[in-house]
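Novice:
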């Protein structure tokens, strides 16, 4: 009854200004607050035609035309397009009223790839920019802003908005009030909408279908579907027949409640009345169903779709919006409804590329992305779906998605390559400490990839910050060799024309500097700086390092044919590269003199090419110099290898620091701080004798006090040398000194526990694992830590101690001391093979497969079974286990 009364109230109210009712043009925007592409496109050419012809305005006009073409073609544009237009406006520092109006209108549902919050932020940035530039704006601009807010479901106060408009001296019009009504109705605030309607009546403003549609939305969102339905009768009594827009709005209200029966009845009623809903209307209903948790009814509505011209683009737009709302399953249903495009040979083109990209862009859960990618491949919609997801996650620098997706690729047996990680490295460039980049390099090793020279040279070094020595130390953490780091750093420094720094670094690190990589940057840096001294220093380093080419090859190749490097030709390569610059005549003589002084020779061929290059500008002195260089009588002058002159004490090695302590002590200077540094270096080197010696020297000082760090280091050192008594002595001292704050890092805890177990005191060792407070700050576990755990587990396996091994492994996993992988699972299989118990080994292998989806020692097991039963064993045992994990091999 209440709803009927409310409907009657609206009849009486509407009747009060029925003469002002306006019949809408077909499918006007405001019908269901979803933008119509035709509305935008229809106005765009007319506005663009009025633009001025100045250069900056032409650029802006070109950008707007491009946007218009995109809208006509697909009904959507990208955020980048809008940002480009905004940048053009900023450069021009002006825009016409019509241009600014179009840009504002672009920030709603025309950008379905972006989240509503992102679109709202973008339109507010545009609005602020237009205000700063004093672009003339009238009520149409405010109405456009209102429309964008409504499309983006942005929460704002209609009264405050109205106050702002009036404060600018701008008079609101009918469209303004209609959209403010729509805002109230989005929140189901019928009372607020009624106030605006009263205001419109007072001003004798006309109403149209959009107002009634807004009221349907308001009643729907207020949970009063009876009143929402009743609006149709109100419209009829007011002399306005409900259109397809009105019915779509009502259907969306029922969809929000999951009332599929009512939806079907109303659509049948529309067909009976010859009111035809567009495919886009049905997609709006689908969107409302999915976003309100009624995905199960989506197929029934999709069955109503006629798939007319334009359906694919409308479907794509709603798919993008559904993914942004976290409704991937519903989006997938709509994707499958798209008609497939066929090639000339009758095969289907891939479908779903945009779907995968949007899931990655919206940062959807990795499990859902993998599931839907596999479904796309299974249903032959997009056979490379997983690869595309990997590519997009890498391109956007989303490592939280990229790494699990790469793992999935690896499980499927696909090769993981170096260049996959390049975008991730670049995405971490803003980290001043470089930890993100190092973590990416470390992660590469999980995929059995060692960073290549190209990776380090082109992507890592340019994006790391710090001194050369610091960068080399950082890269060592990522298992990048000093030589590889130095070579890449030298090239990078030369590219920045820092030839003196490059020379100092190259002189301190033994490495092979590849001429083909170094040559161009080397020449350019020399001509930029005219630093002959540094040039010759580097040239001599390259000359001396040439012999290391065979050393590097022998590390990479199983069989290397020893060959002699033609160092004379190497020098000629660099000198001839100098001749390509027109300034060579200026530097030829001093460079050739420097070569003679260094005792470096060149070949006759090189000399002839230099002579030919100089031509008539050849001088007698240069000719003499070339004669000396090709005589074969020169001998390279002896050189002393220089260490990095800028190494501070905390970066010195043991020998350097020992010499420094000795020198300073002989001068009577205080060296306690340096001795503490030595203590740390001895600990890292696990040199017990020198550690005890330096410790005794430190104790002789009256003001020496043990720090907690020293206790922890000594505990670990004695544990390393199997001295359990001394290790526990420092363990108790540290525990007593720290009190409630007592913690140890995982490496020290594990080493101490291992020592207990090695001594036969397994329960006490496990107790150490279980009860010792752990340092939560120490999250990173490097290769040294993993190797420590594996060596101990392996030693138990080699001794055939099954029970002890299982106890230790269970304790380590239970308390999260290890991340289980094939390597750490290996001893669990090996211990049974050591005892000759093949059946138990297979049983444990099955457990590993089921528990951890890993296949440790699979090949060894297969070999053992092949020996005892060449035919049946492989067919009936190991393959059965491997079928549980078909993508993981070995």
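Numbering (our numbering), first residue to last: 21 to 910.
By construction, the Cβ of each residue, glycine as well, lies at the ideal position given by its N, Cα and C atoms.
Is it buried or exposed, residue 174, if we count other Cβ atoms within 10 angstroms and call 16 or more buried?
Specialist: Buried, since its Cβ has 16 or more Cβ neighbours within 10 Å.
Novice: Mark residue 224 as exposed unless 16 or more other C-beta atoms lie within 10 angstroms of its C-beta, in which case mark it buried.
Specialist: By the 10 Å Cβ count, residue 224 comes out exposed.
Novice: With distances taken Cα to Cα, identify the nearest neighbour of residue 357 among 378, 335, 364.
Specialist: Answer by Cα proximity: 335.
Novice: Specify whether the stretch 93 to 103 and the stretch 330 to 350 touch according to this definition: at least 3 beta carbon pairs, one from each stretch, less than 8 angstroms apart.
Specialist: yes
Novice: For the alpha helix (DSSP H) containing residue 332, list its first residue and its last residue.
Specialist: 331 to 344
Novice: Looking at the structure shown, is residue 383 part of a helix, part of a strand, or coil, going by DSSP?
Specialist: coil
Novice: Inspect the beta-carbon positions of residue 414 and residue 441 and report whether they are closer than 9 angstroms.
Specialist: yes
Novice: According to the neighbour-count rule (16 or more other Cβ atoms, all chains shown, within 10 Å of its Cβ), is residue 503 buried or exposed?
Specialist: buried
Novice: Can you tell me which of the three DSSP states residue 87 falls into?
Specialist: Look at residue 87 here: in three-state DSSP terms it is helix.
Novice: Looking at C-alpha atoms only, which residue of 788, 784, 767 is the closest neighbour of residue 810?
Specialist: 767
Novice: Below 7 angstroms CB to CB, which residues in the same chain sit around residue 539 once its five sequence neighbours on both sides are set aside?
Specialist: 593, 594, 597
Novice: If we call anything under 9 angstroms between Cβ atoms a contact, is residue 329 one with residue 303?
Specialist: no
Novice: Along the chain, which unbroken stretches of the beta strand (DSSP E) at least 3 residues long are found entirely within the stretch 720 to 765?
Specialist: none
Novice: Rounded to the nearest angstrom, how far is the Cβ of residue 273 from that of residue 248, given a contact under 8 angstroms?
Specialist: So it is a contact: roughly 5 angstroms between Cβ atoms.
Novice: Mind checking whether residue 694 and residue 684 have CB atoms under 9 angstroms apart?
Specialist: yes
Novice: Using CA coordinates, which residue listed in 298, 700, 851, 632 is at the minimum distance from residue 677?
Specialist: Check the Cα spacing between residue 677 and each of 298, 700, 851, 632: the tightest is with 700.
Novice: Please report the distance separating the alpha-carbon of residue 622 from that of residue 591.
Specialist: 6 angstroms
Novice: Who are the near neighbours of residue 449 in its chain, counting only those whose CB is closer than 7 angstroms to its CB and skipping five residues on each side?
Specialist: 483
Novice: Please name the residue in 460, 395, 452 whose C-alpha comes closest to that of residue 417.
Specialist: 460
Novice: Which whole-angstrom value is the C-beta distance of residue 872 and residue 840, which I expect to be below 8 angstroms?
Specialist: 5 angstroms
Novice: Around the Cβ of residue 536, are there at least 16 other Cβ atoms within 10 angstroms (buried) or fewer (exposed)?
Specialist: exposed
Novice: Within 10 angstroms of its Cβ, does residue 344 collect 16 or more other Cβ (buried), or is it exposed?
Specialist: Around the CB of residue 344, 16 or more other CB atoms lie within 10 Å, so the residue is classed as buried.
Novice: Run through the DSSP bridge pairs and tell me what residue 794 is partnered with.
Specialist: 764
Novice: List the residues that DSSP assigns as beta-bridge partners of residue 368.
Specialist: 362
Novice: Touch check for the stretch 110 to 118 and the stretch 130 to 142: three-plus C-beta pairs under 8 angstroms?
Specialist: With a cut-off of 8 angstroms on Cβ pairs, the stretch 110 to 118 is not in contact with the stretch 130 to 142, counting fewer than three such pairs.
Novice: Is the beta carbon of residue 154 sitting closer than 9 angstroms to the one on residue 108?
Specialist: no
Novice: Taking the alpha-carbon positions, what's the residue 295 to residue 221 distance?
Specialist: 30 angstroms
Novice: Judging by CA-CA distance, which residue of 229, 233, 200, 207 is the nearest neighbour of residue 218?
Specialist: The option with the nearest alpha carbon to residue 218 is 200.
Novice: With 16 other CB atoms within 10 Å as the buried threshold, where does residue 198 fall?
Specialist: buried
Novice: If you measure between the beta carbons of residue 552 and residue 494, is that distance less than 9 angstroms?
Specialist: no
Novice: Tell whether a beta-carbon distance below 9 angstroms holds between residue 929 and residue 879.
Specialist: With the chain represented from 21 up to 910, any question about residue 929 goes unanswered, as that position is not in the structure.
Novice: May I ask you to verify whether the stretch 423 to 433 touches the stretch 469 to 483, counting CB pairs closer than 8 angstroms and requiring at least 3?
Specialist: no
Novice: Measure the C-alpha to C-alpha separation of residue 463 and residue 531 and round it to an integer number of angstroms.
Specialist: Whole-angstrom Cα-Cα distance: 25 angstroms.
Novice: For residue 408 and residue 376, which I take to be in contact (beta-carbon distance under 8 angstroms), what is that distance rounded to the nearest angstrom?
Specialist: 5 angstroms
Novice: Helix, strand or coil for residue 247, going by three-state DSSP, please let me know.
Specialist: helix
Novice: Check each candidate in 389, 338, 327 and name the one with the smallest Cα separation from residue 360.
Specialist: 327
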